[in-house]
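Have a look at the structure below before the remarks.
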């Protein structure tokens, strides 16, 4: 069996969406002839932890090696759960971080990861290196190890780097530094993976001459069918109440506020619906949005579940009639395809997507069981909600296209990653 060193800062027991992709890859890669060894950090302060995800990876026999770090989260304590900062504070912290750290505030992990990576390599002798970002410091660690030992590197981009609309470059020097680092990583990579065509095209376009276009590939996000085994979807027959579920975190312009206002509008027009709907939020919701729900008189129809272990999240998805998501309108939003969308697809439930036109909207249309409305248009959202209510009342909520579901199976995607790694070895 071949061996691959996997460099990932975000990894269980840290929770939330950033860990899922890498955790599922390492779980299934052994089925395709690759034994992964994970190089990650000993977590400091973080928004949520999920020991069940770590137990799943450990049960698969994956070797995990953790290092210290000098990044700012370590100041918050070992495996300390911290609250989401309010949006003005988050923006100030992000601005300060972008002034001080290039490529990101995880740079203090690099010397520790480099040192442990050298030791692991001398002990095991890997055939290839794989890294997932953000944070982009993980790509720097992996590229250094790849160059040191002359083995192929596959870099995985869950977000764009230089073109990421959430990145603010305080000075031209900062932008140029990011640009040089991105190009160096691309030059070092034998293959580059991106979660959607928009990110793939942006990376390839900016880095022509550093890597061949055909070596920059799309490997989408996905869901794990094993997470849904033994959890039969709730019956689609008409029930006494229509149940909407949201799973995940809100931040920046990604907010539930327009969804809440749209429901308040619809309930004002159809007050009899108030006893027939349920809105469940599973995850971290900012306090201002909770207060808005109270002012709108929605507290009787809402359940705030808070952060839950992944298995409980899946149970909530399966108990829903409709799953909803939002991507706030901002520059570059057309290139965002959040990981929650693919777990929604795995649940095989109708999806209400409050998103701009782009990657997420195209995915929902191909899914064949969804409604799409602008994320910041209260009237359009209320109209979509009215359509959903009408379909539910008629007992005809839509079913997804099965071929649009199975293409996002995590096991299949791990098989594709294994083939990418094999192709890199054939190039040597």
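In this note's numbering, the protein residues as written are 46 to 473.
For every residue, glycine included, the Cβ atom is placed at its ideal position computed from N, Cα and C.
Helix, strand or coil, according to DSSP, for residue i in the structure here?
{"i": "residue 307", "result": "helix"}
{"i": "residue 91", "result": "strand"}
{"i": "residue 109", "result": "strand"}
{"i": "residue 204", "result": "coil"}
{"i": "residue 294", "result": "coil"}
{"i": "residue 422", "result": "coil"}
{"i": "residue 176", "result": "strand"}
{"i": "residue 53", "result": "coil"}
{"i": "residue 251", "result": "helix"}
{"i": "residue 372", "result": "coil"}
{"i": "residue 281", "result": "Below a pLDDT of 50, predicted positions are generally treated as unreliable, and residue 281, at 46, falls in that range; the measurement from the model is reported next regardless. Looking at residue 281 - three-state DSSP - the assignment turns out to be coil, as it is neither helix nor strand."}
{"i": "residue 212", "result": "coil"}
{"i": "residue 300", "result": "coil"}
{"i": "residue 415", "result": "strand"}
{"i": "residue 256", "result": "strand"}
{"i": "residue 322", "result": "strand"}
{"i": "residue 48", "result": "strand"}
{"i": "residue 398", "result": "strand"}
{"i": "residue 198", "result": "strand"}
{"i": "residue 330", "result": "coil"}
{"i": "residue 287", "result": "strand"}
Please report the Cβ distance between residue i and residue j, rounded to the nearest whole angstrom; I am assuming they are in contact, meaning their Cβ atoms lie under 8 Å.
{"i": "residue 255", "j": "residue 231", "result": "4 Å"}
{"i": "residue 399", "j": "residue 304", "result": "6 Å"}
{"i": "residue 357", "j": "residue 268", "result": "Not really, about 16 Å apart at Cβ, beyond 8 Å."}
{"i": "residue 330", "j": "residue 301", "result": "7 Å"}
{"i": "residue 427", "j": "residue 310", "result": "5 Å"}
{"i": "residue 54", "j": "residue 156", "result": "At roughly 14 Å, the Cβ-Cβ gap does not stay under 8 Å, so residue 54 and residue 156 are not in contact."}
{"i": "residue 228", "j": "residue 252", "result": "6 Å"}
{"i": "residue 213", "j": "residue 198", "result": "Not a contact, Cβ separation roughly 28 Å."}
{"i": "residue 84", "j": "residue 158", "result": "6 Å"}
{"i": "residue 46", "j": "residue 80", "result": "5 Å"}
{"i": "residue 411", "j": "residue 449", "result": "5 Å"}
{"i": "residue 378", "j": "residue 401", "result": "5 Å"}
{"i": "residue 470", "j": "residue 49", "result": "Rounded, the Cβ-Cβ distance is 10 Å, inconsistent with contact."}
{"i": "residue 506", "j": "residue 110", "result": "Outside the displayed span of the chain (46 to 473) sits residue 506, for which this structure offers no information."}
{"i": "residue 60", "j": "residue 93", "result": "4 Å"}
How long is the line joining the alpha carbons of residue i and residue j, rounded to whole angstroms?
{"i": "residue 245", "j": "residue 262", "result": "6 Å"}
{"i": "residue 190", "j": "residue 234", "result": "11 Å"}
{"i": "residue 283", "j": "residue 290", "result": "A caution first: residue 283 carries a pLDDT of 49, below 50, which makes its placement in the model unreliable, though a value can still be read off. Computed Cα separation, rounded: 17 Å."}
{"i": "residue 376", "j": "residue 170", "result": "43 Å"}
{"i": "residue 339", "j": "residue 307", "result": "14 Å"}
{"i": "residue 223", "j": "residue 144", "result": "12 Å"}
{"i": "residue 299", "j": "residue 56", "result": "24 Å"}
{"i": "residue 453", "j": "residue 406", "result": "16 Å"}
{"i": "residue 192", "j": "residue 220", "result": "24 Å"}
{"i": "residue 164", "j": "residue 112", "result": "12 Å"}
{"i": "residue 107", "j": "residue 432", "result": "47 Å"}
{"i": "residue 409", "j": "residue 140", "result": "34 Å"}
{"i": "residue 460", "j": "residue 172", "result": "17 Å"}
{"i": "residue 149", "j": "residue 98", "result": "25 Å"}
{"i": "residue 178", "j": "residue 242", "result": "17 Å"}
{"i": "residue 292", "j": "residue 167", "result": "42 Å"}
{"i": "residue 271", "j": "residue 359", "result": "11 Å"}
{"i": "residue 250", "j": "residue 440", "result": "47 Å"}
{"i": "residue 394", "j": "residue 385", "result": "13 Å"}
{"i": "residue 201", "j": "residue 118", "result": "23 Å"}
{"i": "residue 455", "j": "residue 462", "result": "10 Å"}
{"i": "residue 429", "j": "residue 239", "result": "31 Å"}
{"i": "residue 86", "j": "residue 152", "result": "12 Å"}
{"i": "residue 96", "j": "residue 362", "result": "20 Å"}
{"i": "residue 468", "j": "residue 236", "result": "9 Å"}
Where do the ends of the beta strand (DSSP E) carrying residue i lie?
{"i": "residue 85", "result": "79–86"}
{"i": "residue 350", "result": "347–351"}
Over the uninterrupted alpha helix (DSSP H) stretch that includes residue i, give me the two end residues.
{"i": "residue 163", "result": "155–169"}
{"i": "residue 70", "result": "65–73"}
{"i": "residue 268", "result": "No alpha helix (DSSP H) holds residue 268; DSSP gives it neither H nor E."}
{"i": "residue 262", "result": "First-last for residue 262: 261–263, but that is the beta strand (DSSP E), not the alpha helix (DSSP H)."}
{"i": "residue 238", "result": "Premise fails: residue 238 lies in the beta strand (DSSP E), 236–239, not in any alpha helix (DSSP H)."}
{"i": "residue 146", "result": "Per DSSP, residue 146 belongs to no alpha helix (DSSP H) and is neither H nor E."}
{"i": "residue 360", "result": "355–364"}
{"i": "residue 390", "result": "384–392"}
{"i": "residue 470", "result": "455–472"}
{"i": "residue 230", "result": "217–233"}
{"i": "residue 317", "result": "Element bounds for residue 317: n/a, residue is neither H nor E."}
{"i": "residue 182", "result": "182–194"}
{"i": "residue 97", "result": "96–104"}
{"i": "residue 448", "result": "448–451"}
So is residue i in contact with chain B if we call contact Cβ pairs under 9 Å?
{"i": "residue 248", "result": "Looking at the structure shown, chain B is missing, and only one protein chain is on hand."}
Does the pairing of the region 350–364 with the region 314–322 give three or more beta-carbon distances under 8 Å? Counting Cβ pairs under 8 Å, fewer than three are found: no touch.
Could you say if the region 327–345 and the region 367–382 meet the contact criterion of at least three C-beta pairs nearer than 8 Å? With a cut-off of 8 Å, the region 367–382 and the region 327–345 do not count as touching, because too few Cβ pairs lie within range.
Is it true that the region 67–76 meets the region 88–104, where meeting means three or more beta-carbon pairs spaced less than 8 Å apart? Short answer: they touch.
Inter-stretch contact at 8 Å, needing at least 3 Cβ pairs: the region 390–397 / the region 437–445: Yes, since at least three Cβ pairs between the region 390–397 and the region 437–445 fall closer than 8 Å, the two stretches touch.
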